[in-house]
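Undergrad: Protein chains in written order, with my numbering: chain A, 181 to 392; chain B, 52 to 267; chain C, 6 to 473.
Note that the Cβ used here is the ideal one computed from N, Cα and C, for glycine as well.
Predicted model only: the values in this text are computed from it and were never measured.
Here's a structure for you.
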Amino acid sequence: MKKQVPILLAVVASLCPVVGFLLPQPWVDEWMNRRLDEWMVIIASFALVLGVVSVVQVNLHKVRRRSRGWGFSLALLLSLGIMSAFGLFGGQGERADGSLHPFTWVFQFAFSPLQATMFSLLAFYVASASYRAFRVRNVEASLLLVGAVLIMIGRIPLGQAIHPLVPQIAEWIMQFPNTAAQRGIIIGAALGAAAMSIRVMVGIERPYLGKS
Amino acid sequence: MQLQLPGIGEWMAAFFTLCIFSFLYRDNVLYRLAESIFAGVSFGYYIGLARLNTLEPNLFRPLFSDFAGHWPLLIPFALGLILYLRYVPKAAWISNWALAIYIGYYIGVNLIQRLHGEVLPQAKGTMLSLQVPPGQLLGNLVIILGVLTVLIYFFFSSPQRGPLKPAARIGVYYLMISFGASFGYTVMGRISLLIGRLTFVIHEWARPLVRAVFGG
Amino acid sequence: MRVDRRGSGTIGRRPGRRGAARGALALLAALLAGGGLSGAGAAPAAGSDRENPRPLAATLAVADTPADGGSSLTLTWDGARLAAALAEAHGEAEDPAAAEEAAKEAAEEGVEEGAEEAADEAVEEAADAAETRAAARAGALPAPGAGEVDVERAAAGDTAFARIASVPASAGRFVDEGLERTTTYRYRLTGRGAGGRLLATPPTPPLAPRVNAFRTRRLNALAAMVFMGACVVGLILRARRGGQIYIRRISGLDAIDEAVGRATEMGRKILYIPGIISVNEPQTLASLGILGYVAKLTARYGTELEVPNIDPLTMAAAREIVKQSYMEEGHPEGFREEMVHYITGDQFAYAAAVNGIMVRDRPAANFLLGWFAAESLLLSETGQSIGAIQIAGTAQVTQLPFFVSACDYTMLGEELFAASAYLSRDPLILGSIAGQDVMKAAILAAIVLGVVLSTAGVAGFAAWFTAL
Numbered sequence: 181m182k183k184q185v186p187i188l189l190a191v192v193a194s195l196c197p198v199v200g201f202l203l204p205q206p207w208v209d210e211w212m213n214r215r216l217d218e219w220m221v222i223i224a225s226f227a228l229v230l231g232v233v234s235v236v237q238v239n240l241h242k243v244r245r246r247s248r249g250w251g252f253s254l255a256l257l258l259s260l261g262i263m264s265a266f267g268l269f270g271g272q273g274e275r276a277d278g279s280l281h282p283f284t285w286v287f288q289f290a291f292s293p294l295q296a297t298m299f300s301l302l303a304f305y306v307a308s309a310s311y312r313a314f315r316v317r318n319v320e321a322s323l324l325l326v327g328a329v330l331i332m333i334g335r336i337p338l339g340q341a342i343h344p345l346v347p348q349i350a351e352w353i354m355q356f357p358n359t360a361a362q363r364g365i366i367i368g369a370a371l372g373a374a375a376m377s378i379r380v381m382v383g384i385e386r387p388y389l390g391k392s
Numbered sequence: 052m053q054l055q056l057p058g059i060g061e062w063m064a065a066f067f068t069l070c071i072f073s074f075l076y077r078d079n080v081l082y083r084l085a086e087s088i089f090a091g092v093s094f095g096y097y098i099g100l101a102r103l104n105t106l107e108p109n110l111f112r113p114l115f116s117d118f119a120g121h122w123p124l125l126i127p128f129a130l131g132l133i134l135y136l137r138y139v140p141k142a143a144w145i146s147n148w149a150l151a152i153y154i155g156y157y158i159g160v161n162l163i164q165r166l167h168g169e170v171l172p173q174a175k176g177t178m179l180s181l182q183v184p185p186g187q188l189l190g191n192l193v194i195i196l197g198v199l200t201v202l203i204y205f206f207f208s209s210p211q212r213g214p215l216k217p218a219a220r221i222g223v224y225y226l227m228i229s230f231g232a233s234f235g236y237t238v239m240g241r242i243s244l245l246i247g248r249l250t251f252v253i254h255e256w257a258r259p260l261v262r263a264v265f266g267g
Numbered sequence: 006m007r008v009d010r011r012g013s014g015t016i017g018r019r020p021g022r023r024g025a026a027r028g029a030l031a032l033l034a035a036l037l038a039g040g041g042l043s044g045a046g047a048a049p050a051a052g053s054d055r056e057n058p059r060p061l062a063a064t065l066a067v068a069d070t071p072a073d074g075g076s077s078l079t080l081t082w083d084g085a086r087l088a089a090a091l092a093e094a095h096g097e098a099e100d101p102a103a104a105e106e107a108a109k110e111a112a113e114e115g116v117e118e119g120a121e122e123a124a125d126e127a128v129e130e131a132a133d134a135a136e137t138r139a140a141a142r143a144g145a146l147p148a149p150g151a152g153e154v155d156v157e158r159a160a161a162g163d164t165a166f167a168r169i170a171s172v173p174a175s176a177g178r179f180v181d182e183g184l185e186r187t188t189t190y191r192y193r194l195t196g197r198g199a200g201g202r203l204l205a206t207p208p209t210p211p212l213a214p215r216v217n218a219f220r221t222r223r224l225n226a227l228a229a230m231v232f233m234g235a236c237v238v239g240l241i242l243r244a245r246r247g248g249q250i251y252i253r254r255i256s257g258l259d260a261i262d263e264a265v266g267r268a269t270e271m272g273r274k275i276l277y278i279p280g281i282i283s284v285n286e287p288q289t290l291a292s293l294g295i296l297g298y299v300a301k302l303t304a305r306y307g308t309e310l311e312v313p314n315i316d317p318l319t320m321a322a323a324r325e326i327v328k329q330s331y332m333e334e335g336h337p338e339g340f341r342e343e344m345v346h347y348i349t350g351d352q353f354a355y356a357a358a359v360n361g362i363m364v365r366d367r368p369a370a371n372f373l374l375g376w377f378a379a380e381s382l383l384l385s386e387t388g389q390s391i392g393a394i395q396i397a398g399t400a401q402v403t404q405l406p407f408f409v410s411a412c413d414y415t416m417l418g419e420e421l422f423a424a425s426a427y428l429s430r431d432p433l434i435l436g437s438i439a440g441q442d443v444m445k446a447a448i449l450a451a452i453v454l455g456v457v458l459s460t461a462g463v464a465g466f467a468a469w470f471t472a473l
């Protein structure tokens, strides 16, 4: 019972989108695709509470014990509590008087800049990654280096200044060898994912039971 | 002339921006504070979004306004609640039902998407004609050879011996050129992100502040 | 008489409207339509012939679109014949004598129509003109070009045909989508002939779309699923019967033991990052498979393991898997729920927090396995800066370059899935890898065959792989 029911549920649930994909009947589409899709989003929303329990458990423990850095845990819990309260009990967007709801205000002036700044850090990281990538160790690394340098130079005016062929070579690499390799990776990964799907569908792999 | 100091929102945004940038030097109190607030605010934001964009419009409102027409929504409602049974030791095993349905459904979706949406069209895109003008012929040959050799590299159930060995090797070369190309392609985009962020700090916060304090 | 020429007693007629009021009504409608009278007047031949088109020498057939959910009908006609008929009609227009003759004929017909008919037509023309202008304003239907015909439709209850598209006369086929199953539809094709005279095919009989039993256009996907299923299940069964399955070593797998061993020696933790997507992504499931193996090692050697999560359902599944691994290794006491914990649902907030964990706790090994986006570089570079052994794996082609440059070992694409299966040591799962290789061989063969046939000018084989 503890094992069989989840396996049965997973197998039946996995067949629903396949049936919905192959059969054109509107009721099939309605139930096997649209509704189930909507239901899964609802289940995922409920799952956020699991995250809340985990975050509160870990951080409250630190605050209670006054562990090293407990103040940061408190800041996290407070910001989580305040933002959740804004989201759960208030609205979003603009109010009638043109001012922003607190939920949107915090998004705009705290969440959004923090996100953008983390994203922009990539410029520094990509520089250090380039330094490492461009140390030629073997044939593979030199190919990576050649590909990267040609594309970088080919996309800026310097490439054209060096030789008119440089941008064309860069374009050719993107269009042919790069496309070929990406296509190979996509087909291979898709087959790997499909095989994994089949293993779950026949019940050999059961990640929902802690057995993979 | 009226002095226009940056608003509290701009101050906060600039403060968090500088806190995060400080990590580039080393881990410090300001980064840690920003990191903690970032985690809390972002999680709270997703909780709010779940209520505003999913649970209220797609579950609670339909159920409470027209129960007869939307009673099937009780199923995801129940499955969502079942997830919480993992905190009840004796009934924890039931919580796996919701997880099983969730994983199962998307496994089915993935099977279709991967085979129908990726394998078939990518294979079709590689079935290129070789009866084309010489300029195009080279490109087509490069694509065909690349896809075949990369796929050969990904064979796991046979040893890479005989003709498979050089083929797989060529596949690896293709992969490396492609990684280099993707790398080079991304570098420029990342630099533009940094420029965008610095533009905010200078134009929205620093410049108004300097003007307000020193005039001009 | 007009009804007979149109071939329909239900379309275009407004029975029961008679008398002097019609003239006023026609005038009013024309004025409301904004220039309907002048529009009709500007092209007299075209204006009156919507009700009275000359026959276009082609037969239009309508049929239910096979293999759909009952929302479309398919029109077919002899494209070559229609194109020739249209060209011939245009040819007449270039001949001044023919054009004159056509115009005269149209004028005579206009007189014959009589006052009532003319008023009726004026109302309809006004409506048509308004409709055409509205369509033009919306930019939805550009005027048909040379060699094109208009597809016109009238649903049950409609009083006139309405233009829905312009297609090349030679196309021979048009699929009208987005229809109601409960309604019948009639169609005709129209074109302009000599002097702008409207030409139309006889209207089709009324037909409603119907629901079909199967999406035959997706047979290729079904065949792929069945073939792949047969390969995977077949080799699983062979493995179950004890058949030997060879699987080659995958780079990075030996390093897992090495990384755990190093962390154990150094007394530092292992950080396992299962990607940023929920368990609805197979890469996450593959990552959880590898997590099970890593957790067994950490349970065996008493090494600290931390699994920060971005998705609560992934956290739930990861927790079950780690717990199970500790139990299987006989160290249930070594498992604590906080080992697998949640951080936040945002990729950059998650990356900021994990970077913080890395620089503060200095794990000896980082595992970055699963679905990653831009944060891949933030995480792997920070991991590199603290000197941790880094084992990464993803099928995201855009992130692989960063893992390759910043990590010690990278599982490329399909290797992530194969590694997950390989580490399970389960012969059944290993059998499935062999099954997926058979499918791969079939794809390779199909590509080679497709190239040969495409080169030989046979496009049908490649077309079969079209995803519909």
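Can a CB atom of chain B be found closer than 8 angstroms to the CB of residue 207 of chain A?
TA: It does not: the Cβ of residue 207 of chain A has no partner Cβ on chain B nearer than 8 angstroms.
Undergrad: Go to residue 317 of chain C, then tell me how far its alpha helix (DSSP H) extends in each direction, as first and last residue.
TA: Run containing residue 317 of chain C: 317 to 333, per the alpha helix (DSSP H) assignment.
Undergrad: Nearest CA to the CA of residue 328 of chain A: which residue from B:231, B:96, B:178?
TA: Nearest option by C-alpha distance: B:231.
Undergrad: Where do the ends of the beta strand (DSSP E) carrying residue 171 of chain C lie?
TA: It spans 167 to 173 - the beta strand (DSSP E) in which residue 171 of chain C sits, taken as one unbroken run.
Undergrad: Who does residue 398 of chain C pair with in a DSSP beta bridge?
TA: DSSP, once it has assigned bridges, lists C:374, C:416 as partnering residue 398 of chain C.
Undergrad: From the beta carbon of residue 320 of chain A, is the nearest beta carbon of chain B less than 8 angstroms away?
TA: So, interface residue.
Undergrad: Where does residue 297 of chain A sit, in a helix, a strand or coil, going by DSSP?
TA: Residue 297 of chain A: helix per DSSP, three-state reduction.
Undergrad: With a threshold of 16 other CB atoms inside 10 Å of the CB of residue 353 of chain C, please say whether the residue is buried or exposed.
TA: Result: buried.
Undergrad: Between residue 219 of chain B and chain C, is any beta-carbon pair separated by less than 8 angstroms?
TA: No, because no Cβ of chain C sits closer than 8 angstroms to the Cβ of residue 219 of chain B.
Undergrad: Classify residue 379 of chain A as buried or exposed, calling it buried when 16 or more other Cβ atoms lie within 10 Å of its own Cβ.
TA: Buried, by the Cβ-count rule.
Undergrad: Since residue 241 of chain A is in the alpha helix (DSSP H), which residue starts that stretch and which ends it?
TA: Element bounds for residue 241 of chain A: 216 to 245.
Undergrad: For residue 151 of chain B versus residue 204 of chain A, is the C-beta spacing smaller than 8 angstroms?
TA: Going by C-beta atoms, residue 151 of chain B is not nearer than 8 angstroms to residue 204 of chain A.
Undergrad: Just tell me which of C:201, C:265, C:154 has its CA closest to the CA of residue 177 of chain C.
TA: Taking only the C-alpha atoms, the option nearest residue 177 of chain C is C:154.
Undergrad: Using CA atoms only, rank isn't needed, just tell me which of B:90, B:109, B:259 is closest to residue 232 of chain A.
TA: That would be B:90, whose Cα lies nearest to the Cα of residue 232 of chain A.
Undergrad: For residue 198 of chain A and residue 375 of chain A, I'd like the C-alpha separation in whole angstroms.
TA: Computed Cα separation, rounded: 15 angstroms.
Undergrad: Specify the secondary structure class of residue 85 of chain B as computed by DSSP and reduced to three states.
TA: In the structure shown, residue 85 of chain B sits in a helix (DSSP, three-state: H, G or I).
Undergrad: So that I know if they touch, is there some Cβ in chain B lying closer than 8 angstroms to that of residue 278 of chain A?
TA: No, residue 278 of chain A lies away from the interface with chain B (no Cβ there is under 8 angstroms from its Cβ).
Undergrad: Check whether the Cβ atoms of residue 146 of chain B and residue 350 of chain C sit closer than 8 angstroms, and answer yes or no.
TA: Not in contact: residue 146 of chain B and residue 350 of chain C (Cβ atoms no closer than 8 angstroms).
Undergrad: Hey, does residue 165 of chain A have any beta-carbon neighbour from chain B nearer than 8 angstroms?
TA: Nothing in the structure corresponds to residue 165 of chain A, since chain A is present only between 181 and 392.
Undergrad: Could you give the DSSP three-state label for residue 181 of chain C: helix, strand or coil?
TA: Note: residue 181 of chain C maps to strand in three-state DSSP.
Undergrad: State yes or no: is the beta carbon of residue 419 of chain C nearer than 8 angstroms to at least one beta carbon in chain A?
TA: It does: the Cβ of residue 419 of chain C has a partner Cβ on chain A nearer than 8 angstroms.
Undergrad: How many whole angstroms separate the CB atoms of residue 371 of chain A and residue 332 of chain C, which I take to be in contact at a CB cut-off of 8 angstroms?
TA: With 8 angstroms as the limit, residue 371 of chain A and residue 332 of chain C do not qualify as a contact, their Cβ atoms being about 33 angstroms apart.
Undergrad: Along the chain, where does the beta strand (DSSP E) that runs through residue 157 of chain C open and close?
TA: Run containing residue 157 of chain C: 153 to 160, per the beta strand (DSSP E) assignment.
Undergrad: State the CB to CB distance for the pair residue 191 of chain A and residue 381 of chain A, rounded to an integer number of angstroms; the pair is presumed to be in contact (CB under 8 angstroms).
TA: Indeed they touch by this definition, with Cβ atoms about 6 angstroms apart.
Undergrad: Which residue marks the beginning of the alpha helix (DSSP H) containing residue 1 of chain C, and which one marks its end?
TA: The structure shown has nothing for residue 1 of chain C, since chain C only spans 6 to 473.
Undergrad: Using a 10 Å radius around the Cβ and a threshold of 16 neighbouring Cβ atoms, would you call residue 385 of chain C buried or exposed?
TA: Buried, since its Cβ has 16 or more Cβ neighbours within 10 Å.
Undergrad: Is residue 366 of chain C close to chain A, meaning its C-beta is less than 8 angstroms from at least one C-beta of that chain?
TA: No, no contact with chain A.
Undergrad: Here's a check: name, in chain order, each residue in its chain whose Cβ is nearer than 8 angstroms to the Cβ of residue 201 of chain B, leaving out the five neighbours to either side.
TA: These residues qualify, in order along the chain: 222, 225, 226.
Undergrad: How close, in whole Å, do the beta carbons of residue 260 of chain C and residue 413 of chain C come, if the pair is a contact with beta carbons under 8 angstroms?
TA: Yes, they are in contact, since the Cβ atoms of residue 260 of chain C and residue 413 of chain C sit about 7 angstroms apart, within 8 angstroms.
Undergrad: Taking residue 342 of chain C as part of the alpha helix (DSSP H), name the residues at either end of that continuous run.
TA: Looking at the DSSP string, residue 342 of chain C is not in any alpha helix (DSSP H), and its letter there is neither H nor E.
Undergrad: In three-state DSSP terms, what is residue 195 of chain A?
TA: Correct three-state label for residue 195 of chain A: helix.
Undergrad: Between residue 20 of chain C and residue 198 of chain C, what straight-line distance do the alpha-carbon atoms span, to the nearest angstrom?
TA: Because the pLDDT of residue 20 of chain C is 38, which lies under 50, any placement of that residue in the model is unreliable, and the question is left without a value.
Undergrad: Does the distance from the CB of residue 156 of chain B to the CB of residue 196 of chain A come in under 8 angstroms?
TA: For residue 156 of chain B and residue 196 of chain A, yes; Cβs fall inside 8 angstroms.
Undergrad: Give the DSSP bridge partners of residue 312 of chain C, in chain order.
TA: In DSSP, residue 312 of chain C forms a bridge with C:345.
Undergrad: Since residue 278 of chain C is in the beta strand (DSSP E), which residue starts that stretch and which ends it?
TA: From DSSP, the beta strand (DSSP E) with residue 278 of chain C extends over 275 to 278.
Undergrad: With DSSP as the reference, please indicate the residues paired to residue 196 of chain C in a beta bridge.
TA: The partner list for residue 196 of chain C (beta bridge, DSSP) reads C:204.
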